[in-house]
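Asker: Below is one structure. I have some questions about it.
Protein chains in written order, with our numbering: chain A, 166 to 505; chain B, 166 to 505.
Following this line, the structure appears as structure tokens:
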């Protein structure tokens with residue numbers, strides 16, 4: 166099976182050099198997959214950069230565009246340029262089935278706006294959602310939405326739940342993933358009317374492993390395979406978790422460096438601490454699909470490096486190979502047809 | 166100066182034994198303060214437990230009640246019993262100025278409901294808020310609200326900002342604390358209308374160190390001294406952070422124990438890792454005032470131990486000694502009188 170990927174060569178804080186190094190890395194990781202890349206952006210720059218990667222160059226196509234979507238491009242601007250910008254072209258090549266998936270580390274607003282317009286949403290999906298896999302004691306939990314929709318209806322939360330469940334089957338290899346609805350702790354303050362209504366909706370779905378309400382600390386505990394929430398709360402939760410990870414690394418480093426025993430201990434325990442770093446490496450969780458679109462579009466963190474970008478490419482490859490779009494559409498139909 | 170404290174002897178997962186051990190610990194920590202305790206609850210049980218703490222017993226009073234507020238008492242039930250329950254009695258003793266502050270590790274809903282009714286809110290405060298001090302790279306940041314108000318108006322967020330700022334002066338020893346408004350990251354999706362309006366309100370306050378919008382990861386980074394948000398988002402952020410702390414400790418332990426080098430390194434670096442544990446010890450941040458009431462009421466975590474409870478008592482002592490209620494009321498008046 167050939168997997169043909171459209172890459173935004175100009176996205177991310179480090180641009181073409183990072184994207185191309187990431188693609189090269191993905192090429193060697195997924196050497197058993199028949200890969201083809203198309204780089205969309207400044208043709209001259211891409212050509213120059215590819216010179217250092219001969220085997221990648223062999224399977225790559227360069228698609229030049231005058232109009233580059235940057236971190237400063239506003240969504241409205243991106244939409245106006247439409248399929249003429251490098252990012253618009255890349256997305257459109259997936260719509261026309263020239264490629265199987267698009268990956269970009271570019272600006273989320275413009276990427277999401279263009280993807281929504283060009284790729285369209287699946288039957289039964291109002292608006293797409295952005296999920297993430299967060300590390301947990303048990304492995305990983307899928308949390309969505311992470312910022313695409315600041316205010317959500319109960320119906321949208323239900324859609325997120327169904328899509329998150331499908332993603333958990335693919336990415337977490339779970340047969341019957343459990344789904345929790347994010348709420349706050351106090352018994353007597355069980356959240357707002359939206360989560361209450363979404364709770365009732367989710368309970369009414371047949372053959373669906375709905376766990377009920379979960380709280381913020383259930384994310385790290387891995388209580389459920391999927392955690393559903395609106396984009397405002399989800400984004401704050403994600404960023405709070407990221408901030409805590411940074412804080413802990415800081416504390417750990419500070420503690421270790423403050424004593425001689427700490428320094429010696431560190432030298433001896435280095436391998437163990439490397440494992441710790443690896444377990445908590447955000448690059449390994451990089452690559453979030455825009456869930457609910459008719460084609461595969463993957464968003465990479467803008468600040469990632471080639472390791473992280475290769476991981477985002479890996480997510481695209483997995484979703485294409487597993488025919489994810491079709492299975493999530495089937496799942497959506499099943500739920501909306503059988504719901505009471 | 167005598168500080169007279171009313172303690173809910175029955176609150177928390179471990180009840181009287183934890184509360185009394187905590188009071189005894191506080192007594193030795195604050196040995197330069199003239200402390201008096203009153204324990205509200207099952208008189209016989211309190212009497213029995215106090216036998217092991219002769220110096221504490223000397224400065225303590227026991228106030229028996231037939232009606233105990235437990236973790237299962239619903240707020241409406243607690244309100245019905247009113248000043249007849251142990252917790253209601255303790256709170257009322259503060260209203261009548263018999264005591265200077267009340268501390269409870271009991272159930273948040275009942276405690277908050279009773280405090281609101283009995284102690285009343287300050288002039289200019291619609292509803293009280295629950296803050297927490299969270300550890301940051303720079304020391305600590307006050308985040309509020311953490312669950313008392315699931316949906317907030319822009320005006321309420323402004324009140325939280327003013328109260329949080331006063332608390333930062335007291336608890337973080339900052340002269341001119343900076344205040345951030347929690348929002349989500351994407352440039353083009355700058356949150357909902359409520360945070361937008363609150364932003365404008367906060368900008369219009371004179372002599373107020375308003376930083377602007379912050380994101381979830383700014384909490385751990387300590388970007389501002391105070392982070393203001395509604396109770397739903399704040400609670401999710403707090404719990405997500407707590408979950409991540411637990412997860413990291415798990416990862417670290419797992420990594421260290423998985424190799425011999427890790428184990429030896431741990432033995433050598435033990436002191437450093439203990440410092441790390443201490444920096445991240447939630448007990449040290451235990452004790453949250455119900456901000457916006459006319460008297461000092463402190464909520465301790467239900468699952469804490471005597472170290473954590475002593476810390477909550479310490480917060481009460483600080484607030485009483487610094488005359489916090491008066492200064493927050495003055496600050497509220499100043500802001501609401503001078504606002505454009």
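The C-beta atom is built at its ideal place from N, Cα and C for all residues, glycine as well.
1) So what's residue 302 of chain B in DSSP terms, helix, strand or just coil?
2) What beta strand (DSSP E) runs, 3 residues minimum, are completely inside the stretch 351–404 of chain A?
3) Give the residues of chain A in contact with residue 386 of chain B, contact being defined as C-beta atoms less than 8 Å apart.
4) What residue ranges within the stretch 219–271 of chain B form continuous beta strand (DSSP E) runs of no fewer than 3 residues, ordered along the chain?
5) Measure from the C-beta of residue 383 of chain A to each C-beta in chain B and report whether the shortest distance is under 8 Å.
6) Using a Cβ-Cβ cutoff of 9 Å, what residues of the stretch 454–482 of chain B are near chain A? List them in chain order.
7) List the residues that DSSP assigns as beta-bridge partners of residue 167 of chain A.
8) Looking only at DSSP bridge pairs, what is residue 323 of chain B linked to?
9) I want to check one thing, is the minimum distance from the CB of residue 465 of chain B to the heavy atoms of the ligand ZN below 7 Å?
10) Which residue comes first and which comes last in the beta strand (DSSP E) that contains residue 464 of chain B?
11) Count the other C-beta atoms from every protein chain shown that fall within 10 angstroms of the C-beta of residue 209 of chain B, then say buried if there are 16 or more, exposed otherwise.
12) Give the single residue among A:498, A:250, A:407 and A:419 whose Cα lies nearest to the Cα of residue 298 of chain A.
13) Tell me, please, whether the CB atom of residue 279 of chain B is closer than 8 Å to any CB atom in chain A?
14) Quick one: grab the DSSP three-state call for residue 315 of chain A.
15) Using 10 angstroms around the beta-carbon of residue 352 of chain A, count the other beta-carbons present and answer buried if the total reaches 16, otherwise exposed.
16) Going along the chain, which residues of the stretch 247–258 of chain A sit with their C-beta nearer than 7 Å to a C-beta in chain B?
17) Pick helix, strand or coil for residue 122 of chain A, following the three-state DSSP scheme.
18) Could you tell me whether the Cβ of residue 401 of chain B comes closer than 8 Å to any Cβ of chain A?
19) Given residue 378 of chain B, which residues of its chain have a CB within under 8 Å of its CB, disregarding the five upstream and five downstream residues?
20) Secondary structure at residue 295 of chain B, three-state DSSP: helix, strand or coil?
21) If you draw a straight line from the C-alpha of residue 505 of chain B to the C-alpha of residue 371 of chain B, how long is it?
22) In terms of residue numbering, what span does the alpha helix (DSSP H) encompassing residue 479 of chain B cover?
23) Using alpha carbons as the reference points, say which of A:267, A:422 and A:390 lies closest to residue 302 of chain A.
24) Could you pull the DSSP bridge partners for residue 188 of chain B from this structure?
25) Are residue 182 of chain A and residue 205 of chain A touching if we call contact CB-CB under 8 Å?
26) So what does DSSP say about residue 275 of chain B, is it helix, strand or coil?
27) Determine the DSSP secondary structure at residue 204 of chain A, reduced to helix, strand or coil.
28) Starting from residue 415 of chain A, find everything on chain B with Cβ-Cβ shorter than 9 Å and list it in chain order.
29) Less than 7 Å between C-beta atoms, sequence neighbours within five positions excluded: which residues of the same chain meet that for residue 339 of chain A?
30) State the Cα-Cα distance for the pair residue 468 of chain B and residue 264 of chain B, rounded to the nearest angstrom.
31) How about residue 430 of chain A: is its C-beta nearer than 8 Å to some C-beta of chain B?
32) In its own chain, which residues sit with a C-beta less than 8 Å from the C-beta of residue 212 of chain A, not counting the 5 before and 5 after it?
33) Use the C-beta contact count for residue 187 of chain B: other C-beta atoms within 10 angstroms, 16 or more gives buried, fewer gives exposed.
34) Under the assumption that residue 244 of chain B contacts residue 279 of chain B (Cβ atoms under 8 Å), give the Cβ distance between them as a whole number of angstroms.
35) At the 8 Å Cβ level, is residue 534 of chain A part of the contact set with chain B, yes or no?
36) Check the Cβ-Cβ distances between residue 316 of chain B and every residue of chain A, and say whether any is below 8 Å.
Answerer: Considering the structure as presented:
1) coil
2) 375–379 and 391–393
3) 408, 411 and 412
4) 225–229 and 266–269
5) yes
6) none
7) BP columns for residue 167 of chain A point to A:199.
8) DSSP lists no partner for residue 323 of chain B.
9) What this structure holds is no ligand at all, so the ligand ZN is not there to describe.
10) 461–464
11) exposed
12) A:407
13) no
14) coil
15) Because the pLDDT of residue 352 of chain A is 48, which lies under 50, any placement of that residue in the model is unreliable, and the question is left without a value.
16) Listed in sequence order: no entries.
17) As displayed, chain A neither begins before 166 nor continues past 505, which places residue 122 of chain A out of reach and without an answer.
18) yes
19) 345, 346, 347, 348, 355, 356, 360 and 364
20) coil
21) Note on residue 505 of chain B: pLDDT 48, under 50, position unreliable in the model; the coordinate value appears next. When rounded, the distance between both Cα atoms is 8 Å.
22) 471–486
23) Taking the Cα of residue 302 of chain A as reference, the smallest distance to any Cα among A:267, A:422 and A:390 is reached at A:390.
24) Looking at the DSSP assignment, residue 188 of chain B forms no beta bridge with any residue, so it has no partner.
25) no
26) helix
27) strand
28) Within 9 Å Cβ-Cβ: 302 and 385.
29) Excluding residues up to 5 positions away in sequence, 333 and 390 lie with their Cβ nearer than 7 Å to the Cβ of residue 339 of chain A in the same chain.
30) 25 Å
31) yes
32) 227
33) buried
34) 7 Å
35) Here chain A covers residues 166 to 505 and nothing more, so residue 534 of chain A does not appear.
36) At least one C-beta of chain A is nearer than 8 Å to the C-beta of residue 316 of chain B.
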